[in-house]
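These protein sequence lines map, in sequence, to chains A and B. When we follow my numbering, the leftmost residue of the first sequence carries the number 1, and every step to the right adds one. When we follow my numbering, the leftmost residue of the second sequence carries the number 1, and every step to the right adds one. Yeah, the Cβ is synthetic: ideal placement off N, Cα and C, and Gly gets one too. All values reported here derive from a predicted model rather than from experimental measurement. Below is one structure, written out as structure tokens; the observations come after it.
There are 2 protein chains.
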Amino acid sequence: MEFQEVVRRRRMVRNYDPDRPVPPEVRERILANALHAPSAGFSQGWAFLVLEEPADIARFWELSAEDPDDPWGKGLRRAPLLIIPMSCKRAYLERYAAPDKGWTDMDESRWPVPYWHIDTGFASLLMLLTAVDEGLGACFFGIPPGDRTTKVKAAFGVPDDYTPIGVVSIGYRAHDKPSPSLKRGRRPVEEVVHRGAWGRH
Amino acid sequence: MEFQEVVRRRRMVRNYDPDRPVPPEVRERILANALHAPSAGFSQGWAFLVLEEPADIARFWELSAEDPDDPWGKGLRRAPLLIIPMSCKRAYLERYAAPDKGWTDMDESRWPVPYWHIDTGFASLLMLLTAVDEGLGACFFGIPPGDRTTKVKAAFGVPDDYTPIGVVSIGYRAHDKPSPSLKRGRRPVEEVVHRGAWGRH
């Protein structure tokens, strides 16, 4: 598909056809594109937990859902494939302690923003876009912090120093309603784009 | 261009032809795609500072560069267009205090990771990809935190509650050397992709 068409069609899809699994070659292309995301210093401080066995997916939902009867998650639970992108701050601090970067103190305050999360976000967006390119739908949503994140990590053996930044659910689209948030409208360009200086258009 | 070709060609371009400005329609398409990035609760807590007047660009470099003679920045300084994506945490906390989300305490610990940075990162990646789709090159790099970020924000009138997550430099490509970081190699798939549970392939 043309790049611009992929950008145009991308939206969060919250309901899937439970009877159509994601073909293995599509899953692998989605993962391969995630691994081609850019990362600061080529740190690649990320990992991807792929869940597609129904028992694994059921376990994920059981441990992570706030309220199992919440209609919010009803369509999402039908996704035949979940990929949990995780970021690893340690990998970045270690990468930048190398001689060519020289931040041997591994001081986190050297970092303007947490590029481990941002880069893992890059990988996540590439997965969302690749799903569209393959004619599937996808959604990115967060795992509530605290107890539920801890339980999910423990259930799937995720090391302490990896942080799930969310979940990418993937599948063939079924009918769903657009997110009510969209009714809030897009912020006008004049409010978000500043030319030459803040407030100038 | 085909989506997959855009993903394949994307790489950080660190040198530009200083005599070829970015056509206005290309600049606007890059910005329009940034504004179509997904955001949690459609918060759109971001802003984009667009610099293309040579005096503005010179000022940015003067205030932000660690060492003006550093060969690292030599090619980047030739970029005719800089877009500084900024995230606004306040916009997210306010959005999620609305009745449909209900986090009226605006407690930051409700957030598993800083989606304000991640979403602004989504917008940044869409700019990098759109540049490739238009036959241009782009690079994403950070502004050192502390004094230099403060000076850049003051010079361009950026409000306190907006945080630059980096800079996207854009222009027509000139010859440059691949980043030395790439020599470190891509992490093997088995190290980053886990199937069903951590360490399972």
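Self-check item: F156(A) versus F48(A): straight-line alpha-carbon distance, rounded
Solution: Counting from one through the first sequence, the residue named residue 156(A) turns up at place 156. Counting from one through the first sequence, the residue named residue 48(A) turns up at place 48. Those two C-alpha atoms are separated by around 12 Å.
Self-check item: the segment 49-60 of chain A touching the segment 11-23 of chain B, judged by at least three CB pairs closer than 8 Å
Solution: no
Practice problem: Run down chain B in chain order and give the residues with a C-beta less than 8 Å from the C-beta of M106(A). | Solution: Position 106 of the first sequence holds residue 106(A). In chain order: nothing, as chain B lies at least about 15 Å away.
Self-check item: Whole-number beta carbon distance between P159(A) and I143(A), since they are thought to touch under 8 Å
Solution: Here residue 143(A) refers to the residue found at position 143 of the first sequence. Here residue 159(A) refers to the residue found at position 159 of the first sequence. With 8 Å as the limit, I143(A) and P159(A) do not qualify as a contact, their Cβ atoms being about 16 Å apart.
Quiz prompt | Residues near A174(A) in its chain [Cβ-Cβ closer than 6 Å; skip 5 each side] | solution = For the purposes of this step, residue 174(A) is taken as residue 174 along the first sequence, with counting starting at 1. If we look at A174(A) and ignore the five residues flanking it on each side, its Cβ neighbours are N15, Y16, D17.
Quiz prompt | Cut-off 6 Å between Cβ atoms - residues of its own chain near T149(B), not counting five sequence neighbours on either side | solution = Within the second sequence, the letter at position 149 stands for residue 149(B). Once the five neighbours on either side are set aside, the close Cβ partners of T149(B) are I143.
Quiz prompt | Beta-carbon proximity check, A79(B) vs S169(B), cutoff 7 Å | solution = Here residue 79(B) corresponds to residue number 79 of the second sequence, with the count starting at 1. Here residue 169(B) corresponds to residue number 169 of the second sequence, with the count starting at 1. Yes.
Quiz item: If you measure beta-carbon to beta-carbon, which residues of the segment 165-187 of chain A are closer than 9 Å to chain B?
Solution: I165, G166, S179, P180, S181, L182, K183, R184, G185, R186, R187
Quiz item: Can you list the residues of chain B that V26(A) reaches, using a CB-CB cut of under 8 Å?
Solution: Counted from its first residue, the first sequence places residue 26(A) at position 26. Those within 8 Å of V26(A) in chain B number zero; the least Cβ separation is about 12 Å.
Quiz prompt | Element boundaries [alpha helix (DSSP H), containing L126(B)] | solution = Working through the second sequence from its first residue, we reach residue 126(B) at position 126. 115-133 is the extent of the alpha helix (DSSP H) around L126(B).
Quiz item: Taking all protein chains shown into account, do 16 or more other C-beta atoms lie within 10 angstroms of the C-beta of H117(B), making it buried, or fewer, making it exposed?
Solution: As a first step, residue 117(B) must be located in the second sequence, where it is residue number 117. With 16 or more Cβ atoms within 10 Å of its Cβ, H117(B) is classed as buried.
Quiz item: Where does F156(B) sit, in a helix, a strand or coil, going by DSSP?
Solution: If you number the second sequence from 1, residue 156(B) lands on position 156. Reduced to three states, the DSSP call for F156(B) is coil.
Self-check item: Close-in-space but distant-in-sequence residues of the same chain around Y115(A) (CB under 7 Å, 5 per side omitted)
Solution: The residue you call residue 115(A) lines up with position 115 of the first sequence. A40, Y92.
Self-check item: Option in W72(B), P145(B), I83(B) with minimal Cα separation from D100(A)
Solution: As a working mapping, residue 100(A) is identified with position 100 in the first sequence. Per the Cα distances, W72(B).
Practice problem: Kindly confirm or deny that the segment 30-39 of chain B and the segment 117-135 of chain B touch, where touching means at least three C-beta pairs closer than 8 Å. | Solution: yes
Quiz item: Should F60(B) be flagged as near chain A, meaning a C-beta pair shorter than 7 Å?
Solution: Taking the second sequence and counting its residues from 1, one reaches residue 60(B) at position 60. Cβ-Cβ to chain A under 7 Å: no for F60(B).
Exercise. Return yes when the Cβ of G75(A) is within less than 7 Å of the Cβ of D176(A), no when it is not.
Key: Within the first sequence, the letter at position 176 stands for residue 176(A). Within the first sequence, the letter at position 75 stands for residue 75(A). The answer is yes: Cβ separation under 7 Å.
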